[in-house]
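Everything below concerns the one structure shown next.
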Amino acid sequence: MSRIIATLQQATKRYQSGDTEIVALQPTDLEVRAGELMVIIGPSGSGKTTLLSLLGCVIYPTEGKVNIKGTYTSELSEKQLARLRLQEIGFVFQSINLIAPLTSLENVMLPLQLSKVKPAEAKARAEAALASVNMTDRQKFMPKELSGGQQQRVAIARALVTNPEMVLCDEPTASLDIKSAEVIMEELRELARQNKAVAVVTHDPRLESFADRLIRVENGSVVE
Ligand SMILES: Nc1ncnc2c1ncn2[C@@H]1O[C@H](COP(=O)(O)OP(=O)(O)OP(=O)(O)O)[C@@H](O)[C@H]1O
Ligand SMILES: [Mg+2]
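My numbering puts the first residue of the sequence shown at 2, with every later residue one more than the last.
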């Protein structure tokens, strides 16, 4: 069996709004392994983003534990958590969050600059990441000059550029045509073959065939 990268142990997420409580994710046990492309499906509001965000340490569980590469995140300081997110996890958000005043290339270089990679190397790696999502010809464009699908591809390049152990993508193909979506899924599957842990949320049943492992979320519960 391949290495476990992330584990959820009875991880639960509740939100309180006024006097109503929403259970976004019921107590969940899950292992995410290197070398595996996990596809997460389920209806809108079922808890997919919540699940992915817990794995990516973007949010923290109300109860239960998250373990990344052998360390419980509850035992890390904010600074250590920030480093973990920067270096080990590539996250593509459902709402694309490129930095508006930066070009495509600068957006992709950003995580490397934050990791103190030398500018020339950061540029070369960012160019390679953009090439892998077929965006070489849009390097100098600002986010507002790109289509939704192109912005998504830049966001994917930015998630991959640090060479993270775990890549988490929330609907990365939502604004893409099927051909471009398949190119992205191929790329993500290739990452899994390079022994990364990859998880992708999608609404598109045509992309389920790329999965090594298919997970369904319904009403805040995970069903394999
Ligand atoms: N910050 C929040 N505050 C309150 N409730 C929230 C919050 N974030 C999510 N929820 C609730 O948790 C539930 C699960 O949300 P989540 O975003 O995980 O769904 P999803 O499966 O990703 O849906 P979609 O396919 O529409 O993106 C929803 O009912 C949502 O209203
Ligand atoms: Mg979502």
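All C-beta atoms, glycine included, are put in the ideal place defined by N, C-alpha and C. Nothing here was measured: the structure is a model prediction, and the numbers come from that model.
Of all alpha-carbon atoms in L26, L38 and G149, the one lying nearest the alpha-carbon of L169 is that of L38. At the C-beta level, Q88 and P165 come within 8 Å of one another. In this structure, Y16 has its CB closer than 7 Å to one or more heavy atoms of ligand 1. Look at the segment 114–173 and you find these whole runs of beta strand (DSSP E), each 3 residues long or longer: 167–171. R84: member of the alpha helix (DSSP H) spanning E79 to E89, first to last residue. Counted as a single uninterrupted DSSP element, the beta strand (DSSP E) harbouring E32 occupies residues T21 to R34.
DSSP lists V33 and I69 as the beta-bridge partner residues of A7. According to the DSSP assignment, R194 belongs to the alpha helix (DSSP H) that extends over I179 to R194. The three-state secondary structure of L99, taken from DSSP, is coil.
For V162, same chain residues with a beta-carbon under 7 Å away, outside a window of 5 residues either side, are V109, P112, L113, R126, A127 and A130 in chain order. DSSP places S54 within a helical segment (H, G or I) once states are collapsed to three. Ranking R154, S54 and K145 by CA distance to the CA of V134 puts R154 first.
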